[in-house]
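Peer 1: Numbering-wise (the working numbering), the sequence shown opens with residue 2 and increments by one.
The C-beta atom is built at its ideal place from N, Cα and C for all residues, glycine as well.
Structure incoming, see below.
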Amino acid sequence: MTMTPIHTYVQEIADTCVLIERLFNASAPDDATHAELLAHFAPEFSMLTTGGQRLDRAALAHFFATMTGRKQGLKIDVADLALLHESERGAVLTYAETQTLNGDVEVRLATVLLDRQEGGALRWRHLQETTRT
2 MTMTPIHTYV QEIADTCVLI ERLFNASAPD DATHAELLAH FAPEFSMLTT
52 GGQRLDRAAL AHFFATMTGR KQGLKIDVAD LALLHESERG AVLTYAETQT
102 LNGDVEVRLA TVLLDRQEGG ALRWRHLQET TRT
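Okay, structure coming up:
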């Protein structure tokens with residue numbers, strides 16, 4: 002099995018967070034960014050939110066659509082990435098996500114399962130976030 006350099010996973014997470022940040026900061030509906038962002042998520046995507054809610058890809062798409070432009074000034078930083086497991090089909094990573102908005106800071110600890118698609122593209126298969134208190 003050929004291992005993927007960790008920077009490939011790091012870049013996938015960073016690119017996705019940049020798109021989320023762009024969408025939440027948009028001054029008008031941004032269908033292109035919304036579509037580009039959703040392309041990062043597998044059809045079977047699932048998420049466990051910080052509040053314990055389960056989301057599928059359709060619910061995530063709705064959430065992104067309703068949040069467009071609603072967090073003007075949001076900045077997302079990703080740090081402390083660690084590769085927990087890797088196989089030919091993908092990888093499991095953890096990271097810390099710091100969201101800053103109007104001086105308020107929230108840190109989320111996340112575990113993500115990235116699936117490797119045919120052709121090598123990575124897609125988010127599962128995400129669990131926990132708020133750091």
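(1) Name the residue from ALA27, PHE65, SER28 whose alpha carbon lies nearest to the alpha carbon of PHE42.
(2) What beta strand (DSSP E) runs, 3 residues minimum, are completely inside the region 13-74?
(3) For ILE14, which of ARG71, THR101, THR131, ASP81 has the nearest alpha-carbon?
(4) Leaving out five residues before and five after ARG58 in sequence, what residues of the same chain have Cβ atoms less than 7 Å from its Cβ?
(5) CA-CA distance, HIS8 and ASP16?
(6) Would you identify the three-state DSSP class for THR95, choosing helix, strand or coil?
(7) Are THR51 and LYS76 closer than 8 Å when you measure CB to CB?
(8) Using only alpha-carbon positions, find the residue among LEU39, VAL79, LEU123 that is nearest to GLU87.
(9) What whole-angstrom Cβ distance do VAL113 and LEU94 have, given they're in contact under 8 Å?
(10) Taking all protein chains shown into account, do 16 or more other C-beta atoms lie within 10 angstroms of the C-beta of LEU1, making it buried, or fewer, making it exposed?
(11) Leaving out five residues on either side along the sequence, give the residues of the same chain with a beta carbon under 8 Å from the beta carbon of ASN26.
Peer 2: This is what the structure gives:
(1) PHE65
(2) 42-49, 55-57
(3) Selection ARG71, THR101, THR131, ASP81 evaluated against ILE14 yields ASP81 as nearest (Cα-Cα).
(4) Counting only Cβ-Cβ distances below 7 Å, and skipping sequence neighbours, we find PHE42, PRO44, PHE46.
(5) 12 Å
(6) strand
(7) no
(8) Nearest C-alpha to GLU87: LEU123.
(9) 5 Å
(10) The shown model of the chain, from 2 to 134, leaves out residue 1, and the question about it has no answer.
(11) GLY70, LYS72, GLN73, GLY74, LEU75
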